[in-house]
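Worksheet: the structure to be examined is printed underneath.
Residue numbers (the working numbering), protein chains in the order written: chain A, 1 to 142; chain B, 1001 to 1145.
If you want it as structure tokens, here you go:
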């Protein structure tokens, strides 16, 4: 069975790094990319070209996004009775305490900072795979 | 700096195992134990004998607890503006889909099932340490807490 992951990220460089790091970490992962907040919500709500989009097992969400900010995407996910059970992991370059606190207030499942170093970035992706896919129990796909 | 963890667990055997596993995984962890849901909330709200209790860096919460159920403790934590930013990890023997979904609905940060095998239990504790303390960014405790 494949594992569906939604990556919400506007930087093409980071999308490529994340795709490659997940490919190395776990071949079962199928990574979907939304490059702004509006597209992320359309994907999650199966709107427009996303009518056949799968429900993701978890979401990796950047905070600074065009069109709709990551904080607003997070708030919408965690206030939606259907979407709120999808673990949503903040993955951002910010390490500001204000962003960390606000993300947990908005019910982010966890907050990770995106390292600049390539090998550290790969280690973070591996840790997401090791913890969230090997250890944590996620809701089953319907 | 020490890392304050609140374990909410009524089984003395599981408390002992968790303590030993954390001691091996990370000697900076200071594990506090509440053996029922009422005591957990008193600890978090600094009530009664818990007046000097530290704010935990994260919480490990069993679901089936005496006096106040783990689901109710979780709902209280995640509806409290001050407490909701503390990562709360469900650690329970249940692997029922209903419990998993309900916990995420109540905004548990994650759900782990407690293995019966001792070495598997140690691996789960080690994975909590590796991910939540080495990778995840947690909110800082204020100096006055």
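C-beta: ideal position from N, C-alpha, C; glycine also.
Next on the checklist: Using a Cβ-Cβ cutoff of 9 Å, what residues of the stretch 1108–1142 of chain B are near chain A? List them in chain order.
Outcome noted: Those would be 1108, 1109, 1110, 1111, 1112, 1113, 1123, 1124, 1127, 1128, 1130, 1131, 1132, 1134, 1135, 1136, 1137, 1138, 1139, 1140, in chain order.
Next on the checklist: Quick check on the DSSP output: the beta strand (DSSP E) that includes residue 1088(B) runs from which residue to which?
Outcome noted: Its beta strand (DSSP E) spans residues 1088–1092.
Item to check | Run of the alpha helix (DSSP H) containing residue 113(A), from where it starts to where it stops | outcome: Taken as a continuous stretch (DSSP letters only), residue 113(A) belongs to no alpha helix (DSSP H), being part of the beta strand (DSSP E) at 110–113.
Item to check | Paired residues, beta bridge with residue 1120(B) - DSSP | outcome: According to DSSP, which records beta bridges pairwise, residue 1120(B) is partnered with nothing at all.
Checklist entry - Just reading off the alpha helix (DSSP H) that residue 28(A) is part of, what are its end residues? => result Judged by DSSP secondary structure, residue 28(A) falls outside any alpha helix (DSSP H); it is assigned neither H nor E.
Item to check | Residue-chain proximity (residue 1029(B), chain A), Cβ-Cβ < 8 Å | outcome: Using beta-carbon distances, residue 1029(B) does not count as an interface residue toward chain A, since no partner is under 8 Å.
Checklist entry - Alpha carbon to alpha carbon, how far is residue 1105(B) from residue 1086(B)? => result Straight across, the Cα-Cα distance linking residue 1105(B) with residue 1086(B) is about 16 Å.
Item to check | Contact set for residue 1143(B): own chain, Cβ-Cβ below 8 Å, skip 5 residues either direction | outcome: Note that residue 1143(B) scores 44 on pLDDT, short of 50, meaning its location in the model is unreliable and no value can be drawn from it.
Checklist entry - When you compare each of 99(A), 111(A), 92(A), 127(A) to residue 9(A) by their alpha carbons, which one comes out closest? => result In terms of Cα proximity to residue 9(A), the closest of 99(A), 111(A), 92(A), 127(A) is 92(A).
Checklist entry - Roughly how many angstroms lie between the CA atoms of residue 148(A) and residue 59(A), to the nearest whole one? => result Past the boundaries of the shown model lies residue 148(A); chain A is included only from 1 to 142, so the question cannot be answered.
Checklist entry - Taking 8 Å as the CB-CB limit, is residue 1095(B) close to chain A? => result Chain A, which has a Cβ nearer than 8 Å to the Cβ of residue 1095(B), makes this yes.
Item to check | Length of the line joining the Cα atoms of residue 35(A) and residue 1059(B) | outcome: Spanning the two alpha carbons is a distance of roughly 34 Å.
Next on the checklist: For residue 1033(B), would you say it is in contact with chain A, using Cβ-to-Cβ distances shorter than 8 Å as the test?
Outcome noted: Using a Cβ-Cβ cut-off of 8 Å, residue 1033(B) does not count as an interface residue toward chain A, since no Cβ of chain A sits closer than that to its own.
Checklist entry - On the premise that residue 1056(B) lies in contact with residue 1076(B), defined as a C-beta separation below 8 Å, what is that separation, rounded to the nearest angstrom? => result Not quite, the Cβ-Cβ distance comes to about 14 Å (not below 8 Å), so this is no contact.
Checklist entry - At which residues does the alpha helix (DSSP H) containing residue 127(A) begin and terminate? => result From DSSP, the alpha helix (DSSP H) with residue 127(A) extends over 118–128.
Checklist entry - residue 92(A) by DSSP, collapsed to three states: which one? => result Three-state DSSP puts residue 92(A) in a strand.
Checklist entry - Going by C-alpha distance, which of 95(A), 100(A), 51(A), 42(A) is nearest residue 144(A)? => result What the structure shows of chain A is the stretch from 1 to 142, and residue 144(A) is not part of that stretch, so it cannot be assessed.
Checklist entry - Apart from the five residues on each side of it in sequence, which residues of its chain come closer than 7 Å, Cβ to Cβ, to residue 72(A)? => result Cβ contact annotation for residue 72(A) (same chain, cutoff 7 Å, sequence separation greater than five): 37, in chain order.
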